[in-house]
Amino acid sequence: MITAPRYVGIDLGTTNSTAAVFDGDRVTLVRNAQGGHLTPSIVRIDARGGLTIGARARRYLESDPENTRSEFKRLMGTGQELLFPASGRRLRPQELSAELLRALRADIEEQFGFVPDHAVISVPALFELPQSDATAEAARLAGFQRIELIQEPIASALAAGWTAEESAGAWLVYDLGGGTFDVSLLETRDGLLRVIGHDGDNFLGGRDFDWALVEWALGKIKEQSGLDLSRADPAHAPALRKLKLAAEEAKIELTRAERTTLSIPALTLHQGAPYDLDLPIDRATLERLCAPIIDRSVEVCRRLLAAHGLAPGGLDHVVMVGGPSVTPLVRQRVSAGLGVALSDGLDPMTLVAQGAAIYAATAGLDARPSASDVQPGHRVWLHYPAMSSDLTPHVVGRLVEPKAPGAPTQLRLRRGDDLWEGPWADIDAEASFILSTSLLARRANVFRIEARAADGKPVEVSPPAITIVQGLTIHDPPLSRTIGVALANDQVRVYFERGAPLPARRTFTLYTVAGVIRGSEDDALKIPIVQGEYDEAHFCRLVGALVITGKDLKDSLPSGSEIEMTLELDRGGRLSARALIPALAQVFEDVAQLLVPLADPEVLAATFDVVRGRIAGLRADAFRRGAIAQLDRLSAVQADLDAAHVDLEAARGGDADAAQKARRALLEIDADLEQLELDRRWPELDREARESTIWASSWVSELGLPHEQRLLDETMKALDKARQERDPLELQRQLRLVSRLGNTASLRHPEAWSRRFESAASEISGATDLVKAQALVKEGREALARGDQGALRAVTQKLWQLLPSDVERRRLGYDSGVR
Amino acid sequence: MSTSPHQAIQPFYVLGLAPAATRAELEREAQKLLGMLELGLSSAASYATPLGPRQRTPELIRQAIAELRIPERRLLHELWAALPAPAPQPQPQPAADPSPGAPYRDHPAAPPPPHTPQTAPAPEAAPTFPGAFELFAWRRP
Amino acid sequence: MTRCAAPALLLLLALVAHDAAAPQINGRADLVVAILFTLFLWAATLYTLLVQGGLTWTLTRWFAVPLGLPITAYHLGRHAARWRHDPHGGGALMAVLALHRRPEREPAVAERLQTWLAANPLKTAGLVANGLRYALHGERDLARDLLQAALTAEADRPSTLAATYAADWLCADAAARGAWDELIDLGARPIATSRGAAFLIAVARRLLGRGAPSPTDAGLRLAWWLAPRHSLTRPLLLRALAQPRVLHRSPAPPPPPPPPHEDPPLPQDPLPRALALHARVLLAAPLALRLQPARLGDACRAWDDLHRSGLIHQLTAERALHLGVSARAEAVQDAFFAEVAADLAAISERAALPLPQALAAADPAEPTPGAITERAIAQLRSRLLTELEAAIDALDACAARPALPALDAWREWERLRQLHHRAAALGGTALRQLVFPGLHRSACNFAVWLWNERKEHAIAAPIFRWLLAEAEHVGDEAAITLQRKNVGVKAS
Ligand SMILES: Nc1ncnc2c1ncn2[C@@H]1O[C@H](COP(=O)(O)OP(=O)(O)OP(=O)(O)O)[C@@H](O)[C@H]1O
Ligand SMILES: [Mg+2]
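Chains as they are written, first to last, in our numbering: chain F, 31 to 849; chain E, 9 to 149; chain X, 107 to 598.
#1: Would you say the beta carbon of F:G236 is closer than 6 Å to some non-hydrogen atom of ligand 1?
#2: Taking the beta strand (DSSP E) that X:T474 belongs to, which residues open and close that run?
#3: Rounded to whole angstroms, what is the Cα-Cα separation between X:A457 and X:L397?
#4: Is there contact between the stretch 138-148 of chain F and the stretch 377-388 of chain F, where contact requires at least three CB pairs shorter than 8 Å?
#5: Within 7 Å (strictly less), CB to CB, does E:A53 reach chain F?
#6: If we ignore side chains and look at the alpha-carbon of each, how far apart do X:V352 and X:V309 end up?
#7: Counting Cβ pairs closer than 8 Å, one from the stretch 510-530 of chain F and one from the stretch 210-230 of chain F, do we hit at least three?
#8: Answer yes or no: the CB of F:G230 versus the heavy atoms of ligand 2, is any distance below 6 Å?
#9: Should F:R99 go down as buried or exposed, given a rule of 16 or more other Cβ atoms within 10 Å for buried?
#10: Taking its Cβ as the centre, do 16 or more other Cβ atoms sit within 10 Å of E:F137, making it buried, or is it exposed?
#11: For F:E480, name the three-state secondary structure that DSSP assigns.
#12: I'd like to know if the stretch 457-468 of chain F and the stretch 374-381 of chain F are in contact, where contact means that at least 3 CB-CB pairs between them fall below 8 Å.
#13: How about F:P183: is its Cβ closer than 6 Å to a heavy atom in ligand 1?
#14: Taking just the CA atoms, how far does F:W729 sit from F:E812?
#15: Buried or exposed: where does F:H858 fall if 16 or more other Cβ atoms within 10 Å of its Cβ makes it buried?
#16: At a Cβ cut of 9 Å, what residues of the stretch 420-441 of chain F count as close to chain E, listed as they run along the chain?
#17: Alpha carbons only, please: which of X:T266, X:A584, X:A566, X:Y271 is nearest the one belonging to E:F144?
#18: Would F:Q405 be called buried (16 or more neighbouring beta carbons within 10 Å of its own) or exposed?
#19: What runs of the alpha helix (DSSP H), each 4 residues or longer, lie entirely inside the stretch 40-81 of chain E?
#20: Taking one C-beta from the stretch 424-444 of chain X and one from the stretch 459-471 of chain X each time, how about it: are there three or more such pairs within less than 8 Å?
#21: Please list the residues of the stretch 222-237 of chain F that have a C-beta atom closer than 8 Å to any C-beta atom in chain E, keeping them in chain order.
#22: Please state whether the Cβ-Cβ distance between X:D166 and X:M200 is less than 7 Å.
#23: Would you kindly work out how many angstroms separate the C-alpha atoms of F:R473 and F:L243, rounded to a whole number?
#24: Which bits of chain E does F:H413 rub up against, with CB to CB less than 8 Å?
#25: Let me check one thing: in DSSP terms, what residues is F:S466 bridge-paired to?
#26: On the DSSP letters alone, give me the boundaries of the alpha helix (DSSP H) that X:M200 sits inside.
#27: So who's on the other strand from F:I294, going by DSSP bridges?
#28: CB-CB under 6 Å to X:A390, same chain, minus the five flanking residues each way: which ones, in chain order?
#29: Can you find a C-beta in chain E that's less than 7 Å from the C-beta of X:I131?
#30: Pick helix, strand or coil for F:M379, following the three-state DSSP scheme.
#31: State the CB to CB distance for the pair E:R157 and X:H206, rounded to an integer number of angstroms; the pair is presumed to be in contact (CB under 8 Å).
#32: Which stretch, first to last residue, makes up the alpha helix (DSSP H) that contains X:W519?
#33: Excluding sequence positions up to five away, which residues of its chain have a Cβ less than 6 Å from the Cβ of X:D251?
#34: At the level of alpha carbons, what is the spacing between X:Q539 and F:I611?
#35: At the level of alpha carbons, what is the spacing between E:M44 and E:A52?
#36: Apart from the five residues just before and just after X:W557, which ones in its own chain have a Cβ nearer than 7 Å to its Cβ?
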């Protein structure tokens, strides 16, 4: 008897985790010991080191918060250890996740009678490499032999598409979870799912509703009793924790009820006496508090649609996922904001786990422990898709022992329902064969393998049958965020675009910008690997670096040496890198894998001040110029900064998650400011471009050679293009060329050096050594008065050397030593 | 600066299909070729391009099919594939170079590729004298 | 002078002391003193003989080097009068020569060699030793560059022994590659060549019928007989003798390389035809040796024509409709031509063949580039300029690193020079004029820094010479005056 395969999918959520098992026809949700499908992602360790997980641990969240941890998913990849004081144990976030996974694994064994070895685990679409790595490690620690990661929105879409009658068209998956918001645009054509784009916010979710409610409650408490509780004060943390739990309960209750009360007896001590909280709240209040948060999420959806040229009405399906998405207001605002009806009949809480299980089938990850059952018959190796959208996929195979007596010479497949049988396929000289199939749509198809020997007698083969599931599939897991190498000019050499199919490997030739002397310890070549969607390296997350010091080198490496840098990602998104230096025939492979940097509140505060200063500067400038549009945009940025301030305060109070959120927010604000700055500078740059071209073309037409004239025409064309496309870097590059042409021509003029001197002299305020520069200017003026062109020339050249260079830029690009 | 000429790693050539192939045909073929490579079948080991046969790898196949799934990328590749790849059998062309970027990887100073001396001894080619280093008792580099 | 006087004085003192001590040998201590004095005397005598009498050199050259004793070779060689001006470099050179005699590669010795070679400043012998060390490690290109540079550095006094070693290796290298024309060039330089090299140069002259008058049979035999290793060189002698002697040969252009294989017929439709021509260009591997300019020109022309015809526009519009991406058809077409242009630019660079030249070769009547070729030309030029800018920046950065070993400084310069050489071949005078001002400023500062602060005259002098030549080519009067002065300082 052939047992059907079992595919396991796990949604490892911030708040709740779920497991599901797919057998090719149906998805079954795994029940936990309490009989529910959702296992709260909470771990408790008591004084004796005993572990409690899930709903039972949740009960201690209030009474024993020190030893009960939740929301550790948000710290994945940070390397921060969490202390359980009662037992004295310190666990990393991935170790806590591993405990959770172990519990789910046990639940599966309980219900299905086998311990899964393989599984698919979902991660938020915007997870970065260190976070994905940590998830994979958690699975390993939990005892899984092989796992694959899938992004949550893809899982949701797969699950939704699997059940939908009509799946073709554009899909939007709106996944608002406990702490993260993911939105993905997908497209299905011919039964294949394709991710068109992702967007989202790693720091937006149900928690924000809770905190909004808490802030509101704090205001009310202060108003009513003068009790001032603050998130920035660690002493208030216990009270705030209780308040947040109550707020969450109230929020959930308000999805159904119209009003409820926030009541916590003995919330804290106030003026020496216990303070009991009893605060009525109605749905309208909650909705008023949450509306801005929801609108932010809808805005992200629109941004995503716009980025792919889709009008809001152009969607065919909108799938709502995650706890908060059951809130009526959320459904209503999303539906209105996107102008489409929401798909219904899907369980927002378990959809991700279901999709992960279906994806496990696509990836061929049968979870049953590989049975070493030796079945009788001639062994064949087979290769086929475990799940296929194609109705007639090929099955490729090879006989293991073609020389064995009585080996088959022909094979074919017969479908389990006996309504279809394939043509006989011959076995070729390499003992291989290709079999045709015919699948029934949307179900698991079992095929028996029939074989016959040269004399026409049937022969037994092993395995005797295979199963292929027909349905919506996605072939290769896509990369969640663009990965590249930071270059010395703060640009990014993109290796893999977001959405690139995994596994992937790519090699680029990079060039060193400075020499590295053999044997020198101080000399190091650093190749930073970054992840993110920005063009400037310093806005992207540094996820790893390959450092080659002079001590590692067989010989000195001059600047401009070639480095063949290969980045490789496996199916799970794990990164490895390899740098080959052809001139030395040396290979370097150890990448310093980086963790998500811990966000130190002090550093954050300092950054915060810098950003605030920058905004103030820009604002003053905008006022002076009367640039209303700029001012509007600056106020928006200011609002973001104020929001970040709340998190910064919470970070001071010891909330590591809020610290991460603040860090990210500050980085994004910084990027916004950069854009603003560029917009401000653009007219200036543009003017400079126009002036330079006029200046250069007059020189070239007067003193230039014919080929210089031609070159100038070409360059001006390129310059115009850069201006139209608002590409500042390209513009500057072309501008350099233009001025070089103009310079070359102008040099032929007898007074060339006096002009150059004047222009250099006008820039000395930025000189590295102002005193020396001023002395040079004086000397130059004297030479000018004497009419000594040679001296003037020498002075000007010395002056040039004092003017600022591109050191600053390189520092921004994570000190990259390559270009 | 990827080093492979476009014609060498053209997705349609990699899959051995014409630009008119349907999406399902492409997927099916990719799936089949991946299977054949997995089982080590030599018939799938190389593909024909106008630049001579090239080695087919699972990576190339996956990249090819991923490219062809995106409509605008497919359109671009259709243009490149407008020249049909030559029939694979009678190809006395330069032997397949295992590195996909072969035509660009010429090192002028490197010794000539091993097949040139036998196949094309140009009639008045000047002689080489590899023993010249020994003449001065130097080690041959 | 002092080096000569000191040992003589020592010897004298020792003799006097010896005589003074002789009559009083009675106690044990006296015996020891006497023995010590005697030993000292002998050592002093030996030293005088060895160093001043040229025995060190003889021992190094005929004993340490042939036996493959690098450490002995270094220490003996260092004291040879011949390397008076560059003891470190000379010693290292002898050590490398000895290393060449060893059958195995010895990392430990190579390591020590590196430290000897790191001694500053780097002079000709040091340069040559470095070059031969690279040769030892199989890095032939680097070795060739370094040894060429050593010869250039020696241009004013070409007779030194180091130059002879450099020339020997370059001759051997050229002969091994069959690059006989390089041998003729080497032969034309005023270098005292060894007999082995002289034989190779004679062979080259006979084979190509160029250079100095083609040697007679007798002349060839004599050169062969004078050179070492007769059995090894006999086949080459015979091959050279088989070549008829040429007295005057008009410089006939070398015949075009034979096409690598039969061309398949070209398709009729413009797009497949352009693609086929494109493929035909890429089939010429390696490009730098086997690409015929006309072929590249044909391909460029085919793309330009195709672009002008607007055919791609129709084609993409039609297919885009079918694939449901009509809105992007224009962008796809652009991307396609951008890829074509990028390919053409890369080919032009690899083949060191300027596209205008290729176009002219294909059709002399119609040499103006069309839109796609223009794009490729512009792309290549901008790439070359960027590369050069980066190399110039790197040169500027050198002066900020006082600990930079001389050899590395030289390599920075050498890289820039080669890059410039390649770029100039592709971009012509226009490009050279364009980069000259910046290049001149940085390279001149760099060379002045090397000369004044690092005293690396052997490296700096060729840079001044190169700058002078380049200034003369682009016609920059001020630079010419300046570099004339710099080169002049060197000569004095
Ligand atoms: N009925 C409900 N109404 C409103 N909010 C709810 C409801 N049920 C759960 N939530 C909220 O949903 C959040 C948890 O959602 P969910 O379980 O989807 O998150 P998760 O999957 O654990 O998180 P993530 O996807 O970010 O990892 C919590 O903030 C919880 O308060
Ligand atoms: Mg979730």
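The C-beta atom is built at its ideal place from N, Cα and C for all residues, glycine as well.
In this structure, then:
#1: By one-based count along the first sequence, residue 236 of chain F stands at place 206. Yes, Cβ of F:G236 sits closer than 6 Å to a heavy atom of ligand 1.
#2: Working through the third sequence from its first residue, we reach residue 474 of chain X at position 368. Element bounds for X:T474: n/a, residue is neither H nor E.
#3: Translated into positions along the third sequence, residue 457 of chain X becomes position 351. Translated into positions along the third sequence, residue 397 of chain X becomes position 291. C-alpha separation (whole angstroms): 7 Å.
#4: no
#5: Along the second sequence, read from residue 1 onward, the residue named residue 53 of chain E stands at position 45. E:A53 does not count as touching chain F.
#6: Translated into positions along the third sequence, residue 352 of chain X becomes position 246. Translated into positions along the third sequence, residue 309 of chain X becomes position 203. Approximately 13 Å, taken between the alpha carbons.
#7: yes
#8: On the first sequence, residue 230 of chain F is found 200 positions in, with the first residue counted as 1. No, ligand 2 has no heavy atom inside 6 Å of this Cβ.
#9: Counted from its first residue, the first sequence places residue 99 of chain F at position 69. Buried, because 16 or more other Cβ atoms sit within 10 Å of the Cβ of F:R99.
#10: The residue labelled residue 137 of chain E in the question sits at position 129 within the second sequence. The residue is buried, with at least 16 neighbouring Cβ atoms inside 10 Å.
#11: On the first sequence, residue 480 of chain F is found 450 positions in, with the first residue counted as 1. Note: F:E480 maps to strand in three-state DSSP.
#12: no
#13: One-based indexing of the first sequence puts residue 183 of chain F at position 153. Not so, every heavy atom of ligand 1 lies at least 6 Å from the Cβ.
#14: On the first sequence, position 782 is the one that residue 812 of chain F refers to. On the first sequence, position 699 is the one that residue 729 of chain F refers to. Roughly 27 Å separates the two Cα atoms.
#15: The displayed coordinates of chain F run from 31 to 849. Any statement about residue 858 of chain F would go beyond what the structure contains.
#16: D420, L421, T422, P423, H424, V425, V426, G427, R428
#17: As a working note, residue 144 of chain E is residue 136 in the second sequence. The option with the nearest alpha carbon to E:F144 is X:Y271.
#18: If you number the first sequence from 1, residue 405 of chain F lands on position 375. Label assigned to F:Q405: exposed.
#19: 66-77
#20: no
#21: L222, R224
#22: Start at 1 with the first residue of the third sequence, and residue 166 of chain X comes out as number 60. Start at 1 with the first residue of the third sequence, and residue 200 of chain X comes out as number 94. For the sequence presented, residue 166 of chain X should be read as Thr rather than Asp. Contact flag set, yes.
#23: The sequence position of residue 473 of chain F within the first sequence is 443, counting from 1. The sequence position of residue 243 of chain F within the first sequence is 213, counting from 1. Cα to Cα, F:R473 sits roughly 46 Å from F:L243.
#24: By 1-based counting over the first sequence, the position of residue 413 of chain F is 383. The answer, in chain order, is L42, G43, M44, E46, L47.
#25: Against the first sequence, residue 466 of chain F aligns to sequence position 436. For F:S466, which the question treats as bridged, DSSP gives the partners F:H424.
#26: As a working note, residue 200 of chain X is residue 94 in the third sequence. Unbroken alpha helix (DSSP H) run through X:M200: 193-207.
#27: Position 264 of the first sequence, counting from 1, holds the residue named residue 294 of chain F. The partner list for F:I294 (beta bridge, DSSP) reads F:L307.
#28: Numbered from 1 along the third sequence, position 284 holds the residue referred to as residue 390 of chain X. Around X:A390: R396, L397.
#29: Counted from its first residue, the third sequence places residue 131 of chain X at position 25. Bear in mind that the predicted position of X:I131 carries a pLDDT of just 49, short of 50, making it too unreliable to give a figure here.
#30: Counting from one through the first sequence, the residue named residue 379 of chain F turns up at place 349. Coil.
#31: In this structure chain E extends from 9 to 149, so residue 157 of chain E is not present and cannot be described.
#32: Translated into the one-based positions of the third sequence, residue 519 of chain X becomes position 413. Start and end: 512-558.
#33: On the third sequence, residue 251 of chain X is found 145 positions in, with the first residue counted as 1. Excluding sequence neighbours, X:D251 sits near E520.
#34: Here residue 539 of chain X refers to the residue found at position 433 when the third sequence is read from its first residue. Here residue 611 of chain F refers to the residue found at position 581 when the first sequence is read from its first residue. So the alpha carbons of these two residues sit roughly 33 Å apart.
#35: Taking the first residue of the second sequence as 1, we reach residue 44 of chain E at position 36. Taking the first residue of the second sequence as 1, we reach residue 52 of chain E at position 44. C-alpha separation (whole angstroms): 6 Å.
#36: Locating residue 557 of chain X in the third sequence gives position 451, counting from the first residue. Hits under 7 Å: H563, A566.
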